[in-house]
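From first to last, the protein sequence lines stand for chains A, B, C and D.
Counting from 1, one number per residue, gives the positions in the first sequence under my numbering.
Counting from 276, one number per residue, gives the positions in the second sequence under my numbering.
Counting from 551, one number per residue, gives the positions in the third sequence under my numbering.
Counting from 758, one number per residue, gives the positions in the fourth sequence under my numbering.
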Amino acid sequence: MSHRQLSAHGLSVRFGERTVLADAELSVPRGGRLALLGANGSGKTTLLRTLSGAVRPSAGRVQVDGVDLDYGRAGLRAHRQVVQLVAQNPDDQLFAADVFRDVSFGPLNLGLTEVEVRARVDRALAVLSIEDLAERPIHELSFGQRKRVAIAGALAMEPCVLLLDEPTAGLDPQGVDEMVAALDALLAADTTVVIATHEVDFALWWADSVAVLRDGRLSCGSGPELLGDPEVVASARLRRPIVLQVAAALGLAPSGITEVSSLVAALSPHLVRKL
Amino acid sequence: MSHRQLSAHGLSVRFGERTVLADAELSVPRGGRLALLGANGSGKTTLLRTLSGAVRPSAGRVQVDGVDLDYGRAGLRAHRQVVQLVAQNPDDQLFAADVFRDVSFGPLNLGLTEVEVRARVDRALAVLSIEDLAERPIHELSFGQRKRVAIAGALAMEPCVLLLDEPTAGLDPQGVDEMVAALDALLAADTTVVIATHEVDFALWWADSVAVLRDGRLSCGSGPELLGDPEVVASARLRRPIVLQVAAALGLAPSGITEVSSLVAALSPHLVRKL
Amino acid sequence: MHIAEGFLPVIHCVAWYAVSAPFVIHGARKVITEAKEHPESRLLLAAAGAFTFVLSSIKLPSVTGSSSHPTGTGLGAVLFRPPVMAFLSTIVLLFQALLLAHGGITTLGANVFSMGIAGPWVGYALWTLSNRLGWHRNVGVFLALAFADLSTYLVTSVQLGLAFPDPVSGLAGSVAKFAGVFAISQVPLAIAEGILGVLVFRLLTDV
Amino acid sequence: MSHGLALDHAAWSSPWRARSLRDKGVLCLGLLLAAICLPPVPGGAAVAVISLALLLGPIRVGWTRLLRIGWLPLVSILIGVATVAVSVSWADGLRLEVTDAGTAAAVQLAVRALAATLAMFTLACSTPMIDLLAGLRRLRVPDPLIEIAALIYRFSAGLLDSASAIHAAQDARLGFVNRTATMRSASMGVAALFLRSWDRARRLEDGLAGRGYTDALRTLEPARRRSSGFLAGSVLLLVAVTATALSWPVTR
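Structure representation (structure tokens):
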């Protein structure tokens, strides 16, 4: 999958009286890890749905490689092979009886031959390391497994950009580790990955760059910078990541601090001696 | 509500071939905050359901003030007025069209008069600060609001012990703050609160004491001690809380460290100067 | 396809209420007995009702490319039997009238008769017949669903024809008129609903 | 969270929700009855005007929402009215014609149906379904039936959300790209919805057992405001409409 440039310009979305997005600008870095941060109800899901073509903005445009998204039948069809969205709740996305059937749903609709469909399903399951689940009924799977099957279903469309809504929500630490491994495999397979989340600690650690949603507007930048800014996180109704709270309490600048090890590294020169 | 002593002795639960709990011992500290930690599928929910009387153990017993739980109709009825369980998914518990009607359901089942029921509903809504939602339709509420309504429904039974399954799952930072305020109000109203969670950072900060589920067995103790022990968290398929990871990396003992401020306080004497 | 609010003269409204009442009361009695013997069946019956309501409020693709709402009562009749469907359909039609502005209160009696009584009984009769004759299950399902839908639409045409006899060609003309107008959407929809039913049954029995 | 049933939303947010069902029932059902019993002109027309005034005034539905709610019944009324207006005969080959009698019947029907629809809206936009069910309970409809109806209402909200989520997910994976795909998607969606409704019921049963559910889903009714003034005003209005309509041919 070649990288393609997904971007949004002056995006506004209104539902009835309510303005969800207001003049949002976003350029998704090709082949990178972008985390989209915002509180519940801040419009993260709407933004992802707009980027995927499921919601048509009231104003502004979504572009792929600088070309406006065409909301006609053919245009949307082409867009869905570039951008795929994975919903927060896997049960909203899984509707077949077993894993193989569910993952094959998209490729079958692309009109591929059976051989090609099988190959795509196998590839998708392999990337997510769930080959062993292929024949299992979906209702017997754990929540974390269902989340990965939902991703496999989107991945089988072989999109260039994968948008994931709250991929780690509800997962325990081991589930998060497995999800991170899955995301790494996606990135290694040349897919651009965008996640929407309110889990600031995770986002700071995982992402190359972040975009914060505040009152329907987006601020983009580096994780430590944006998430370390008390004013930004407060107005986004988030909180600062724990390592940045520690850094701030000790008077350290946030830049470069994304996890425990970089915090410890930044701190070490200031300690009296190795404790 | 007077405090009563809920405990479990030699608790084993088997579903078919699968052993979920094996000889678990637990004594819930009266009027305290207990966090029950375990990975998904570790048996947290089963333990809560067993404590609430919904699941009958294969061996062992649940006791209130040293008296065995009687699984007859009357015994269970009495037990429900001592212990109430709030499920992780509020939609598993909310059935009525609006908040007022739903919260009135439990007290009506206790055979109270209309005046008493109204008083209980008002009290429960007040404790959770959701009086303004009373007449709202449940299907229009946000996830966090529905979670608090589900708690109000259990609280209206005026139990001595409230068991909450993953109360913060799916909530954003503001939602967590509101949930914490609700839990504080419960504690102030003399209710013992037990939460089951896999969110180690939250549990460490919130709880007075923790119990960790590993292979169907429970280890009880102080948060910093148990959650700071790499062996314990690894075998429980959890991870160490971030502040304890920082402390460990810097060679500090975990005891007394539960959040950013106590970490910073423990660290300060070892700094060259205030940065 | 329901008769809209206010569409029938008052005498017809009353008459159709009277015709439907015994069937609905019979169904309601069965439901009450079931609910008293097995309290948990309330939740399952409610699930069935909600399923019927949601099914009737989503758009189905029909074979001509237009889309319309399925009745869902043929499936219900096969799964839960006609008396229960008479009761559940009454609630579903009340919800459709007041939540979707589809149908009406004054025309509820007439709509219950076509969708909640005629449709399910025809569908159930064909399902039973097909089973007796030893036909393949898919044939029975297709016939039950397609004809539950078709009979609902034909009964509605007769109800409207009775209310508005054609000044030129009388009752026969008016029934033919309504049947003709609604055939455009309903015949393809009935076929689509039959096919869909076969596919759904296969999926459900696979699980 | 929001299944987007505009009528339901209007009912929950109407200032008239707090009024007692007795007061609203007399007015709204009275208007509905007047719409179908009285001669369409001027009875039906008067009901239509009054209902419209109530909807846009105290019930606070708003123009845009009223149009969104109203277009579906409007289209179905228009199709029916057109069918009545055109006469067919086939004695000497199929012939379509528009007669005076047919036109007159069609106009009468159009006014009556429009009036009745607007009258029904006054009830539907001011009273949540659950309050109507509570009213039926007071009319001695047996409890189990009311409980099942109330649960259908509650389940429907979640199931409608599931239906639209499943539809969106299938659409994103090109599930409606052609007729074969559409049929496959629709059947998978319907089967998934069926299983989900079942699962939902079982989990709720479990959850309710913990809250003391044994054989009845009793809840307390929220307080509602009764007003004899409102009731008297409603009766007066209905009497005035009826009297005017019946005396119309005489005075004209």
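Cβ coordinates follow ideal geometry from the N, Cα and C atoms, glycine included.
Please read all numbers here as calculations on a predicted model, not as lab measurements.
From residue i to residue j, what does the alpha carbon distance come to, in whole angstroms?
i        : j        : result
Glu25/A  : Ala464/B : 48 Å
Ile130/A : Val149/A : 8 Å
Gly66/A  : His766/D : 40 Å
Val898/D : Leu351/B : 32 Å
Val569/C : Gly659/C : 8 Å
Arg817/D : Lys781/D : 15 Å
Asn40/A  : Leu238/A : 10 Å
Val628/C : Arg136/A : 29 Å
Thr168/A : Arg376/B : 35 Å
Gly615/C : Ile836/D : Here the model assigns Gly615/C a pLDDT of 46, short of 50, so the residue's position is not dependable, and the following value carries that caveat. Those two C-alpha atoms are separated by around 20 Å.
Ala399/B : Gly307/B : 20 Å
Pro434/B : Tyr910/D : 30 Å
Ser536/B : Gln245/A : 9 Å
Arg214/A : Leu263/A : 27 Å
Leu439/B : Ile553/C : 49 Å
Ala8/A   : Ser417/B : 28 Å
Ala152/A : Ile905/D : 39 Å
Ala253/A : Thr472/B : 33 Å
Pro687/C : Val934/D : First, the amino acid is wrong: residue 687/C is Arg here, not Pro. Roughly 29 Å between the two C-alpha positions.
Assign residue i to one of three DSSP states: helix, strand, or coil.
i        : result
His576/C : helix
Arg411/B : coil
Gln63/A  : strand
Ser984/D : coil
Leu644/C : helix
Glu300/B : strand
Ile887/D : helix
Arg825/D : helix
Glu158/A : coil
Ser282/B : strand
Gln81/A  : coil
Arg120/A : helix
Asp70/A  : coil
Asp172/A : coil
Asp849/D : coil
Thr294/B : strand
Arg774/D : helix
Pro379/B : Strictly speaking, residue 379/B in this sequence is Ser, with Pro absent from that position. Looking at Ser379/B - three-state DSSP - the assignment turns out to be helix.
Ala310/B : strand
Glu854/D : strand
Ser724/C : helix
Do residue j and residue i come within 8 Å of each other at the CB atom, strictly closer than that value?
i        : j        : result
Gly969/D : Leu385/B : yes
Ile517/B : Asp201/A : yes
Leu643/C : Asn661/C : yes
Gln81/A  : Ala87/A  : no
Ser606/C : Gly626/C : no
Val337/B : Leu326/B : yes
Leu974/D : Phe290/B : no
Ile195/A : Ala74/A  : no
Val841/D : Ala863/D : yes
Gly381/B : His354/B : no
Leu6/A   : Val20/A  : no
Kindly examine the ligand MN and report whether one of its heavy atoms sits closer than 7 Å to the Cβ of residue i.
i        : result
Arg324/B : The ligand content of the structure shown is nil, which means the ligand MN is not present either.
task: Check each residue of the stretch 16 to 41 of chain A: if its Cβ is closer than 9 Å to any Cβ of chain B, include it; give the result in chain order.
output: Gly38, Ala39, Asn40 and Gly41
- request: Return the chain-ordered ranges of every alpha helix (DSSP H) run that is complete within the stretch 187 to 228 of chain A and spans a minimum of 4 residues.
  value: 200 to 206 and 223 to 227
- request: Scan the stretch 718 to 730 of chain C for residues whose Cβ lies nearer than 7 Å to a Cβ of chain D and list them as they occur along the chain.
  value: Val718, Ser719, Gly723, Ala726, Lys727 and Phe728
message: To be precise: take each residue of the stretch 384 to 395 of chain B, compare its Cβ to all Cβ atoms of chain D, and keep it if any distance is under 8 Å. Which residues remain?
response: Asn384, Leu385, Glu389, Val392 and Arg393
Short-range partners of chain A found in the stretch 510 to 529 of chain B, where Cβ spacing is below 7 Å: Arg512, Leu513, Arg514, Ile517, Val518, Gln520, Val521, Ala524, Leu525, Gly526 and Leu527
- prompt: Curious, which full-length alpha helix (DSSP H) runs of at least 4 residues does the stretch 912 to 994 of chain D contain?
  reply: 936 to 966
- prompt: Going along the stretch 407 to 423 of chain B in order, which residues come within less than 8 Å of chain D, judged by CB to CB distance?
  reply: Ala409, Glu410, Arg411, Pro412, Ile413, His414, Glu415, Leu416, Ser417 and Phe418
task: Please list the residues of the stretch 162 to 185 of chain A that have a C-beta atom closer than 7 Å to any C-beta atom in chain B, keeping them in chain order.
output: Ala169, Gly170, Asp172, Pro173, Gln174 and Gly175
message: Any C-beta of chain D within less than 8 Å: which residues of the stretch 648 to 669 of chain C qualify?
response: Leu648, Leu649, Leu650, Ala651, His652, Gly654, Ile655 and Thr656
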